[in-house]
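Listed in order, the protein sequences are those of chains Y and V. Quick note: the first sequence uses the numbering used here, first residue 1, plus one each step. Quick note: the second sequence uses the numbering used here, first residue 1001, plus one each step. Ideal placement from N, C-alpha and C gives every residue a C-beta, glycine not left out. Just so we're clear, the structure is a prediction, and the values are computed from it rather than from any experiment.
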Amino acid sequence: MLELGADEYAKYPFMADAGQYLKDKGFPLVKFGTDPDLKPSVEKAFHRLKVSTEGGIYKSELIDGQASKSYVLEIEVFSFLLAIVLIKLTGMHTLTKRFALAEARRAEQHLEKDLGKASEKSKIDLAIKIIHDLFGIEIIKRDDFFEIPVADYLKHSTSFHEREWKLINRYVKDGKVLLTPEKTVRLIRKELGTYIGSKINNAPTPPMIPGFENMVNELISICKKLTPSYTTITGEYPPCIKHAIEVLEKGENLPHSGRFMLATFLLSKGQSVEEIAPLFKNAPDYNQRITLYQLNHLAGTSGSGTHYSCPSCEKLKTQNLCFAIPECDNIINPIQFGKKRI
Amino acid sequence: MQENDIKFLEDTFKKYYFDHFDLIRVPNRTSEREFGFQKFNSGMTRHISIKDDKELHLLLMKNIPSDVYCSNACYSFPNLPMNEKDWKEADLIFDIDAKDINLECRKNHTISKCNECNEISTNMNSCSKCNSIKLEKKSLPCKNCINASKNEVLKLSNILIEDFSIPQNDIHVYFSGNEGFHVYVYNSQFQQLGSKERSELTDYIMFHGAIPETFGMKKIKPNRLTFPDFDEKGWRGRFSKEVYGAKSKRSKIITELIANGYSSFQKTLDDLSDKIGAKIDPNVTMDIHRIFRLPGSLNSKSGLTKVFCTDLTKFDPYLEASFLNEKLVEVIANCPIRFNLKNTKFGPYFNEKVSVPTFAAVYMICKKLATIS
Ligand code: SF4
Ligand SMILES: [Zn+2]
Ligand SMILES: [Zn+2]
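Structure (structure tokens):
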């Protein structure tokens, strides 16, 4: 584990073990509900959460002048830990997600700054160490760039949809990908969010703390308003899927990638392997046993147990399987076609 | 396939496995691999585990398979059903096939066999006798096609060595026994990658999905200084060599590229993937649970051996992958295309009884262009 100083904890509060930290500092949770001296930390936690529900990143007061520096640092860490307590008390999953994301962004800003500090070796080393400890990625600083092994890069980048993140659009040299500090940090953003999210999920839920009730209720009602819902406005399949079905119906050959798309699409729409299999029976090389085997494999009922999802529009474009129409605007995966966010 | 053809192939394959067991390479970490085999005219048997050479030898002699396979993956329990195997890692494998390169000459050495009436013709779309469209295509790849495949193998190994720093020793090239090559990469940083990541690797290798910005071209106010230099490494360097042609033309071509604009630049990139990208079959590389033809085993599509290529440029599959004996056999051949095996020319044969060496007979029977008379 890392040896962190106070201002490192303030920057990266998720590195602290929540309950333990408060205990070490001698503050039992219940005191925060009643002790007026501790009220600022609680208010800050509440504020921190609210900002995250609005999609913002809360601004810390690390160099605030009015209180002693150590006091502010303490509040920074306390408010983070208390925010987790509040989230646990609301039991709202949306809150976890939004908060984790916002906090990841915040930490990201610090990491980026630390990594970019060409002169301060200790800051860079710390940032590199944090990345290593949290994600197991070995990064090396060379000139203005950070080098990451291609395999590690791929593990983290494949969930990005922007084309600039494709390996082909990166500078690859000697088995390493070269990244700027900004991109390095962006690469692990999602894991940072996941990491913080898992910290929250794994934290125990305390009994209600007297004095917290109002805040908890307010957060619950904010969340309820937030939760987006999707409604299906059309039962139509997207053009890529329609095209694939047509090809098969004509008894023409649909490339493997097309079959993969079709099968994963229909599986994600809740169709069963048995319902999907007949679609392929006109294929010139149809073999019932193999088809069922492959479909089960995709569905995750056999094979590795991993459930394969429908490829993104981006991917399908590169495979010449996309036949976009205006209704395809703003979607990144065929399964979103025909749904509207309300 | 007819009884006596099967009998003949089985006898010949059995003898091959008896005489040439030394050609078969048991993979490293043998006991962690999944093996499988197919017999003539019957289905696949998979999920077999084998501990060493001896056991493999026994399996071959006992079953006389038409094809033998082995996984690129290592598992804790290779003989259990798929979802219980416990996948550990997999060698990176690439498949390069003349079929996918699809050269002009291909149609000159491809034959269609009608599944309805067995007529053999050079018509690609429908049977010339009964008009059925259920055609089975058989190609007897020419030198041209083999050379083109080799060229793709070289492109691929260059990328692997230069961009990914993979030592030449860890790249093994095999002739597939039919129309192409299998390239194995051992001990790389990619061993543990899943399908999604491997598919991203294939896009890189195939030069798929490049955007103009990567090569210095911006939508607004493009800057000459960000365009690739002629001697750069990786794709920027390969781009330079292909697009500028020569160092001296760089400046002039950049001016042109900028003048033609962003979308034309994108088009250039898209067209480039055909020329500078290596033509691999991405689905093969993506699949981390596949079983692959075992090196040293026979390919039942041709009777040729999947052999290790020590010197790819000199490699001649029709000489170096043909290990069957020369004993003469009588067959009824319907093979309208000439082919060359072990420095001997055969065909064309038009539904006639001929006496040919075993290796040639097997080749034609495997391609369904002859039967034992
Ligand atoms: S944009 Fe997406 S949904 Fe629309 S056709 Fe293309 S791949 Fe299909
Ligand atoms: Zn016919
Ligand atoms: Zn050819």
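request  = List the residues of chain Y whose Cβ lies closer than 8 Å to the Cβ of V:Tyr1204, in chain order.
outcome  = Indexing the second sequence from 1 puts residue 1204 of chain V at position 204. Result: Lys166, Leu167, Ile168 and Val172.
inquiry  = Under DSSP, the alpha helix (DSSP H) around Y:Gly197 begins and ends at which residues?
reply    = The count along the first sequence starts at 1 and reaches residue 197 of chain Y at position 197. Residues Arg189 to Asn202.
query = Whose C-beta lies closer than 7 Å to the C-beta of V:Asp1100 among residues of the same chain, with five residues either side of it excluded?
reply = Looking up residue 1100 of chain V in the second sequence gives position 100. Close CB contacts of V:Asp1100 within its chain, under the 7 Å cut and outside five residues either way in sequence, are with Lys1279 and Asp1281 (chain order).
request  = Spell out whether any CB of chain V is found under 7 Å from the CB atom of Y:Thr318.
outcome  = Residue numbering aside, residue 318 of chain Y sits at position 318 when the first sequence is read from its first letter. Residue-level contact by beta carbon holds for Y:Thr318 and chain V, with a gap shorter than 7 Å.
task = Spatial neighbours of V:Tyr1244 within its chain, please: CB distance less than 7 Å, with the 5 preceding and 5 following residues excluded, ordered by chain position.
result = Against the second sequence, residue 1244 of chain V aligns to sequence position 244. Short of 7 Å from the beta carbon of V:Tyr1244, and not among the five residues preceding or following it, lie these beta carbons of its own chain, in chain order: Phe1230, Arg1250 and Ile1253.
inquiry  = Contact criterion: CB-CB distance below 7 Å. Does V:Glu1242 meet it with respect to chain Y?
reply    = Numbered from 1 along the second sequence, position 242 holds the residue referred to as residue 1242 of chain V. Not closer than 7 Å to any Cβ of chain Y, the Cβ of V:Glu1242 fails to qualify, so no.
request  = Please report the Cβ distance between V:Leu1324 and V:Thr1358, rounded to the nearest whole angstrom; I am assuming they are in contact, meaning their Cβ atoms lie under 8 Å.
outcome  = Here residue 1324 of chain V is taken as the residue at index 324 of the second sequence, counted from 1. Here residue 1358 of chain V is taken as the residue at index 358 of the second sequence, counted from 1. By a beta-carbon distance limit of 8 Å, V:Leu1324 contacts V:Thr1358. Their separation comes to about 5 Å.
task = Helix, strand or coil for Y:His297, going by three-state DSSP, please let me know.
result = Here residue 297 of chain Y refers to the residue found at position 297 of the first sequence. Here Y:His297 carries a helix assignment [DSSP, helix/strand/coil].
Beta strand (DSSP E) segments (min. 3 residues) lying fully within the region 1288-1351 of chain V = Counting whole runs of 3 or more residues, the region 1288-1351 of chain V contains the beta strand (DSSP E) stretches 1291-1293, 1328-1335, 1339-1341 and 1344-1346.
query = Taking contact to mean at least 3 C-beta pairs separated by less than 8 Å, is the region 1080-1099 of chain V in contact with the region 1173-1184 of chain V?
reply = Per the Cβ contact rule, the region 1080-1099 of chain V is in contact with the region 1173-1184 of chain V (3 or more Cβ pairs under 8 Å).
ask   = Using a Cβ-Cβ cut-off of 6 Å (strictly less than) and excluding sequence neighbours within five positions of V:Glu1326, which residues of its own chain qualify?
value = By one-based count along the second sequence, residue 1326 of chain V stands at place 326. These residues qualify, in order along the chain: Pro1357.
task = Using 6 Å as the cut-off, classify the Cβ of V:Arg1338 as near or not near the heavy atoms of ligand 3, replying yes or no.
result = Here the question's residue 1338 of chain V lines up with position 338 in the second sequence. Of the heavy atoms belonging to ligand 3, none sits nearer than 6 Å to the Cβ of V:Arg1338.
ask   = Taking the alpha-carbon positions, what's the Y:Asp24 to Y:Lys11 distance?
value = Numbered from its first residue, the first sequence carries residue 24 of chain Y at position 24. Numbered from its first residue, the first sequence carries residue 11 of chain Y at position 11. Looking at the two C-alpha atoms, the distance is approximately 19 Å.
task = Would you tell me roughly how many angstroms separate the C-alpha atoms of Y:Thr180 and Y:Arg186, rounded to the nearest one?
result = Translated into positions along the first sequence, residue 180 of chain Y becomes position 180. Translated into positions along the first sequence, residue 186 of chain Y becomes position 186. Computed Cα separation, rounded: 10 Å.
request  = Would you mind giving the Cβ-Cβ distance between V:Ile1048 and V:Leu1294, rounded to the nearest angstrom? I have them listed as a contact below 8 Å.
outcome  = Along the second sequence, one-based indexing puts residue 1048 of chain V at 48. Along the second sequence, one-based indexing puts residue 1294 of chain V at 294. Going by Cβ atoms, the distance from V:Ile1048 to V:Leu1294 rounds to 12 Å, so no, they are not a contact pair.
request  = Show which residues of chain Y have a CB atom less than 7 Å away from the CB atom of V:His1208.
outcome  = Within the second sequence, numbered from 1, the residue matching residue 1208 of chain V stands at position 208. For V:His1208, the chain Y residues whose Cβ falls inside 7 Å of its Cβ are Ile168 and Thr318, in order along the chain.
request  = List the residues of chain V that Y:His256 touches, going by C-beta distances under 8 Å, in chain order.
outcome  = As a working mapping, residue 256 of chain Y is identified with position 256 in the first sequence. Those are Asn1283, listed as they occur along chain V.
key: Beta carbon of V:Gly1303 nearer than 7 Å to that of V:Phe1207   = Taking the second sequence and counting its residues from 1, the one referred to as residue 1303 of chain V is at position 303. Taking the second sequence and counting its residues from 1, the one referred to as residue 1207 of chain V is at position 207. For V:Gly1303 and V:Phe1207, no; Cβs fall outside 7 Å.
ask   = If you compare alpha carbons, which of V:Gln1192, V:Glu1179, V:Tyr1174 and V:Ile1171 is closest to V:Lys1137?
value = For the purposes of this step, residue 1137 of chain V is taken as residue 137 along the second sequence, with counting starting at 1. Sorting V:Gln1192, V:Glu1179, V:Tyr1174 and V:Ile1171 by C-alpha distance to the C-alpha of V:Lys1137 places V:Glu1179 at the top.
query = Taking 7 Å as the CB-CB limit, is Y:Pro149 close to chain V?
reply = For the purposes of this step, residue 149 of chain Y is taken as residue 149 along the first sequence, with counting starting at 1. At least one CB of chain V lies nearer than 7 Å to the CB of Y:Pro149.
ask   = Comparing the CB of Y:Cys240 with every heavy atom of ligand 4, is any distance shorter than 6 Å?
value = No copy of ligand 4 appears in this structure; the ligands present are ligand 1, ligand 2 and ligand 3.
ask   = Using a C-beta cutoff of 7 Å, does V:Lys1196 count as contacting chain Y?
value = Within the second sequence, numbered from 1, the residue matching residue 1196 of chain V stands at position 196. Closer than 7 Å: yes.
inquiry  = 7 Å is my cut-off, CB to CB: does V:Leu1193 come that close to chain Y?
reply    = As a first step, residue 1193 of chain V is located in the second sequence; it is residue number 193 there, counting from the start. Taking 7 Å as the threshold, the shortest C-beta distance from V:Leu1193 to chain Y falls below it.
inquiry  = Using CA atoms only, rank isn't needed, just tell me which of Y:Leu266, Y:Phe323 and Y:Glu314 is closest to Y:Leu298.
reply    = The sequence position of residue 298 of chain Y within the first sequence is 298, counting from 1. It is Y:Leu266 whose Cα lies nearest to the Cα of Y:Leu298.
Cutoff 7 Å; reference Y:Ser68; Cβ partners in own chain excluding five residues on either side = Along the first sequence, read from residue 1 onward, the residue named residue 68 of chain Y stands at position 68. Confidence is the limiting factor: at Y:Ser68 the pLDDT is only 49, short of 50, which leaves the residue's position unreliable and the question unanswerable from this model.
inquiry  = Going by beta-carbon coordinates alone, are V:Tyr1069 and Y:Ile168 separated by less than 7 Å?
reply    = Walking along the second sequence from the start, residue 1069 of chain V turns up at place 69. Walking along the first sequence from the start, residue 168 of chain Y turns up at place 168. If you check the CB distance, V:Tyr1069 and Y:Ile168 do not come in under 7 Å.
ask   = Taking Cβ to Cβ, would you say V:Lys1400 is nearer than 7 Å to V:Asn1115?
value = Nothing about residue 1400 of chain V can be read from this structure; chain V reaches only from 1001 to 1373.
V:Lys1314 burial status per 10 Å Cβ neighbour count (16 or more: buried) = Taking the second sequence and counting its residues from 1, one reaches residue 1314 of chain V at position 314. Exposed, because fewer than 16 other Cβ atoms sit within 10 Å of the Cβ of V:Lys1314.
key: Buried versus exposed, by CB contacts within 10 Å (16 or more), V:Leu1328   = Your numbering for residue 1328 of chain V matches position 328 in the second sequence. By the 10 Å Cβ count, V:Leu1328 comes out exposed.
query = Can you round the beta-carbon distance between V:Thr1285 and V:Arg1198 to whole angstroms, since I take them to be within the 8 Å contact cut?
reply = Locating residue 1285 of chain V in the second sequence gives position 285, counting from the first residue. Locating residue 1198 of chain V in the second sequence gives position 198, counting from the first residue. Confirmed, Cβ separation roughly 5 Å.
Spatial neighbours of Y:Gly65 in its chain, beta-carbon cut-off 6 Å, leaving aside the 5 residues before and after = The count along the first sequence starts at 1 and reaches residue 65 of chain Y at position 65. Residue confidence is low: Y:Gly65 scores 36 on pLDDT, short of 50, so the model does not pin down where it sits. Its coordinate-derived value is still stated next. Within the same chain, Y:Gly65 has no close Cβ partners at all.
message = So the candidates are V:Phe1346, V:Asn1123 and V:Phe1350; which of them puts its Cα closest to the Cα of V:Lys1113?
response = Taking the first residue of the second sequence as position 1, residue 1113 of chain V is located at position 113. Just measuring C-alpha positions, the residue of V:Phe1346, V:Asn1123 and V:Phe1350 sitting nearest V:Lys1113 is V:Asn1123.
task = Compile a chain-ordered list of the residues in the region 151-164 of chain Y whose CB is closer than 7 Å to at least one CB of chain V.
result = Answer set for the region 151-164 of chain Y: Ala151, Leu154, Lys155, Thr158, Arg163 and Glu164.
Lining residues of ligand 2 - beta-carbon closer than 6 Å to any non-hydrogen atom, in sequence order = A distance filter of 6 Å between CB atoms and the heavy atoms of ligand 2 selects the following residues in sequence order: V:Cys1114, V:Glu1116, V:Cys1117, V:Glu1119, V:Cys1127, V:Lys1129, V:Cys1130 and V:Ser1132.
task = Note down, in chain order, every chain V residue with its Cβ under 8 Å from the Cβ of Y:Pro175.
result = Here residue 175 of chain Y is taken as the residue at index 175 of the first sequence, counted from 1. Looking at the sequence provided, one finds Gly at residue 175 of chain Y rather than Pro. Going along chain V in sequence order, the residues near Y:Gly175 (Cβ under 8 Å) are Asp1163, Phe1164, Ser1165, Ile1166 and Gln1189.
ask   = When the cut-off is 7 Å and only beta carbons count, does V:Ile1211 lie next to chain Y?
value = As a working note, residue 1211 of chain V is residue 211 in the second sequence. Among the residues facing chain Y, V:Ile1211 is included, as its CB has a counterpart in that chain under 7 Å away.
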